[in-house]
Amino acid sequence: SRKARLRAFPPSCGFLGGSPAAGMPNIEVISAADAFGKLALDSGPQCPQPPKVVWVSPLDVNFSQNVIYPKFTDGRSVDDAVGCIKVVAGEDSDKDGELTLEAPFPTVEAVHWAPKLRDGEGRPIEDKQGAQRRGTEGLFTVDNRRLYALQRAAVARWPRRCRVAIHVVVDRAEVLRHLKKFRTRTNGLSISITEWNGVGRDNAKDFSVLRVWDWRSAVAGAGDPSSGSASGAAAAAADSGSCGCWEYLDNQDVQRGPFSHWQMRQWWERKMLPPNLRVRPYDAAAATARGKDGAHGPEASSASAAAALAGFRAVGEVFEGAPAPFAPGWSPQATDAETEWQKCEECGRSRVEGWSAHGQWYCINCWRRWEKKTDD
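Heads up: the sequence shown begins at 8 in my numbering, then just goes up one per residue.
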């Protein structure tokens, strides 16, 4: 039933304990606004319009997707691209001056929009009348991997403000084409980096997250900007491309996450998480290893399922001695999975998670497809 489904949803859907909170926004939208009406696309002349060039901080641009692949289409690493982003202006100016960044890839494109709010499974959220709910208006990129690289470059230079040129798409037909691809579940505030195990446009299938990036979490641990530790902590986060994250068990003991430390703090401060919540730091290496341990199909056991849920503790116990649960400075250590890419003998794609059989290696997605056919 609809009521049963709501009870199982994580708080990102804007409900707690199955009861709709009147007027409560999707938790990632801290100041929700009914901006969709203001953003209705102009139905005037349909002649093509060139994009507008604006100079903004990459930290002021949001993601439009839920997950990204760690490599560009041509196979080059996003990590390598971060190191190639250069400061081309402002470096010799006052320490509070703005830095101009230049990237080795084409200019990022973005659109002004208010995306659909989505639940933890990627499904659009509806209000009591059945209308789709919208998030806060903002600038959303359609080049998510490039924005990820630019945000890391900007955080590496924190607390200095950086700016880049952005092409804002204003042509109605082009905007509509891009909007069909929007699948963010956090109103663009964070992005997961994964090998995309069969995750299509709906972004709703299971996958092991290699990293989670949320620049607010990355700089939250930087402390006082006047101290030397500020830039060091932010630079370390930018270098790893990851931030400390949490998983939690919902009220039906379903594992949810990972979610950034900053995101969890917003939920907690707005009392959208129960006081007896059970959490654990997200370990990307352990999560990926569970996809390689051979526990698939008939070999999967209740023991392996129990191991996957080990380590969850009550919030009060985890944050004993902290000023408050999820307080700044109490973020878990950021982790990254050792990404050993292998070629699947069935689909030919390079993947991380999978198993060997008869001397050949097959990705987890192909295994699951075979198991589904067997079950059917």
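Backbone N, C-alpha and C define an ideal beta-carbon position, used for all residues, glycine too. The model shown is predicted, which means the values in this text are computed figures rather than measured ones.
Backbone secondary structure at residue 45 - three-state DSSP: Taking the sequence shown and counting its residues from 1, the one referred to as residue 45 is at position 38. Per-residue confidence for residue 45 stands at a pLDDT of 44, beneath the threshold of 50, marking its modelled position as unreliable; no derived number is given.
Touching by the beta-carbon criterion (3+ pairs, under 8 Å), the stretch 162 to 180 and the stretch 57 to 71: yes
Strand pairing of residue 123, partner residues [DSSP]: Working through the sequence shown from its first residue, we reach residue 123 at position 116. Answer is 141.
Taking the beta strand (DSSP E) that residue 361 falls in, what are its first and last residues? Locating residue 361 in the sequence shown gives position 354, where the first residue counts as 1. Note, residue 361: beta strand (DSSP E), 361 to 364.
When the Cα atoms are used, what is the spatial distance from residue 2 to residue 373? The displayed coordinates of the chain run from 8 to 383. Any statement about residue 2 would go beyond what the structure contains.
Please work out which residues of its chain come closer than 7 Å, Cβ to Cβ, to residue 381, disregarding the five sequence neighbours upstream and downstream, and give them in chain order. Taking the sequence shown and counting its residues from 1, one reaches residue 381 at position 374. The answer is none, since no qualifying residue turns up.
How would you call residue 324, buried or exposed, if buried means at least 16 neighbouring beta carbons within 10 angstroms? For this step, residue 324 is matched to residue 317 along the sequence shown. It counts as exposed.
8 Å contact criterion, which residue 74 and residue 193 should meet: CB distance rounded: Taking the first residue of the sequence shown as 1, we reach residue 74 at position 67. Taking the first residue of the sequence shown as 1, we reach residue 193 at position 186. Not quite, the Cβ-Cβ distance comes to about 11 Å (not below 8 Å), so this is no contact.
Assuming residue 289 contacts residue 327 under a Cβ cut-off of 8 Å, what Cβ separation, rounded to an integer in Å, is found between them? The sequence position of residue 289 within the sequence shown is 282, counting from 1. The sequence position of residue 327 within the sequence shown is 320, counting from 1. With 8 Å as the limit, residue 289 and residue 327 do not qualify as a contact, their Cβ atoms being about 20 Å apart.
For residue 126, count neighbouring C-beta atoms within 10 Å of its own C-beta (all shown protein chains included) and say buried if the count is 16 or more, exposed if not. Start at 1 with the first residue of the sequence shown, and residue 126 comes out as number 119. Counting Cβ neighbours within 10 Å, residue 126 comes out buried, since at least 16 surround it.
Whole angstroms is fine: what's the gap from residue 197's alpha carbon to residue 222's? Along the sequence shown, one-based indexing puts residue 197 at 190. Along the sequence shown, one-based indexing puts residue 222 at 215. Going by the C-alpha atoms only, they are around 8 Å apart.
How would you call residue 306, buried or exposed, if buried means at least 16 neighbouring beta carbons within 10 angstroms? Taking the first residue of the sequence shown as 1, we reach residue 306 at position 299. With a pLDDT of only 49 at residue 306, under 50, the local geometry of the prediction cannot be trusted, and the value read off the model is given with reservation. Classification of residue 306: exposed, given that the 10 Å Cβ count is below 16.
Buried/exposed call for residue 189, threshold 16 Cβ in 10 Å: On the sequence shown, residue 189 is found 182 positions in, with the first residue counted as 1. Buried, because 16 or more other Cβ atoms sit within 10 Å of the Cβ of residue 189.
Taking just the CA atoms, how far does residue 375 sit from residue 367? One-based indexing of the sequence shown puts residue 367 at position 360. One-based indexing of the sequence shown puts residue 375 at position 368. Cα to Cα, residue 367 sits roughly 16 Å from residue 375.
Residues in its own chain within less than 8 Å of residue 320 by CB, not counting five upstream and five downstream? Mapped onto the sequence shown, residue 320 falls at position 313. So the list reads 285, 286, 287, once near-sequence residues are dropped.
Sequence-distant residues of its chain with Cβ nearer than 6 Å to residue 93 (five each side left out): If you number the sequence shown from 1, residue 93 lands on position 86. The residues are 109.
Per the contact definition of three or more C-beta pairs closer than 8 Å, is the stretch 176 to 187 in contact with the stretch 251 to 270? no
Taking 6 Å as the limit between beta carbons, can you name the residues of its chain near residue 353, skipping five residues before and five after? Counting from 1 along the sequence shown, the entry for residue 353 is found at position 346. Contacts found: 369, 373.
Classify residue 115: buried if its beta carbon has 16 or more other beta carbons within 10 angstroms, exposed otherwise. Numbered from 1 along the sequence shown, position 108 holds the residue referred to as residue 115. Label assigned to residue 115: buried.
Could you name the residues of the same chain whose beta carbon sits closer than 6 Å to that of residue 272, not counting the 5 residues immediately before and after it, in chain order? Indexing the sequence shown from 1 puts residue 272 at position 265. The residues are 333.
Look up residue 155 in the DSSP assignment and say whether it is helix, strand or coil. Against the sequence shown, residue 155 aligns to sequence position 148. Looking at residue 155 - three-state DSSP - the assignment turns out to be helix.
Should residue 168 and residue 105 be called a contact, given that it needs their Cβ atoms to be closer than 8 Å? By 1-based counting over the sequence shown, the position of residue 168 is 161. By 1-based counting over the sequence shown, the position of residue 105 is 98. Contact: yes.
Let me check understanding here. Comparing Cα to Cα, which of 146, 147, 130, 124 lies closest to residue 6? Residue coverage of the chain in this structure runs from 8 to 383, which leaves residue 6 outside it and unanswerable.
I need the DSSP call for residue 272, collapsed to helix, strand or coil. As a first step, residue 272 must be located in the sequence shown, where it is residue number 265. Helix at residue 272.
Tell whether a beta-carbon distance below 8 Å holds between residue 149 and residue 185. Locating residue 149 in the sequence shown gives position 142, where the first residue counts as 1. Locating residue 185 in the sequence shown gives position 178, where the first residue counts as 1. A contact, by the Cβ cut-off of 8 Å.
Nonlocal neighbours in the same chain, by C-beta distance under 6 Å from residue 55, ignoring five residues either side: Counting from 1 along the sequence shown, the entry for residue 55 is found at position 48. Excluding residues within five positions, the ones whose Cβ falls inside 6 Å are 178.
For the beta strand (DSSP E) that residue 199 lies in, which residues bound it at each end? Translated into positions along the sequence shown, residue 199 becomes position 192. Here the beta strand (DSSP E) through residue 199 covers 198 to 201.
Note down, in chain order, each residue of its chain lying with its Cβ closer than 6 Å to the Cβ of residue 358, except the 5 sequence neighbours on either side. Residue mapping note: residue 358 aligns to position 351 of the sequence shown, counting from 1. Excluding positions up to five away in sequence, the list reads 202, 351, 370.
State yes or no: is the beta carbon of residue 260 nearer than 8 Å to at least one beta carbon in chain C? Going by chain labels, chain C is absent from the structure shown, which holds only one protein chain.
First and last residue of the uninterrupted alpha helix (DSSP H) at residue 179: The residue given as residue 179 occupies position 172 in the sequence shown. Here the alpha helix (DSSP H) through residue 179 covers 179 to 186.
Specify the secondary structure class of residue 376 as computed by DSSP and reduced to three states. As a first step, residue 376 must be located in the sequence shown, where it is residue number 369. If DSSP states are grouped into helix, strand and coil, residue 376 belongs with the helices.
Among the residues of its own chain, which have a CB less than 6 Å from the CB of residue 242, if the five just before and after it don't count? Indexing the sequence shown from 1 puts residue 242 at position 235. Contacts found: 163.
Around the Cβ of residue 347, are there at least 16 other Cβ atoms within 10 angstroms (buried) or fewer (exposed)? Here residue 347 refers to the residue found at position 340 of the sequence shown. By the 10 Å Cβ count, residue 347 comes out exposed.
Distance, residue 122 Cα to residue 187 Cα: By 1-based counting over the sequence shown, the position of residue 187 is 180. By 1-based counting over the sequence shown, the position of residue 122 is 115. Whole-angstrom Cα-Cα distance: 10 Å.
DSSP three-state label for residue 29, please. For the purposes of this step, residue 29 is taken as the residue at position 22 of the sequence shown. Note that residue 29 has pLDDT 28, beneath the 50 cutoff, so the model's placement of it is unreliable and the number below is only indicative. Of the three classes helix, strand and coil, the one that applies to residue 29 here is coil, per DSSP.
In whole angstroms, what separates the C-alpha of residue 291 from that of residue 267? To locate residue 291, count along the sequence shown from 1; it is residue 284. To locate residue 267, count along the sequence shown from 1; it is residue 260. Computed Cα separation, rounded: 13 Å.
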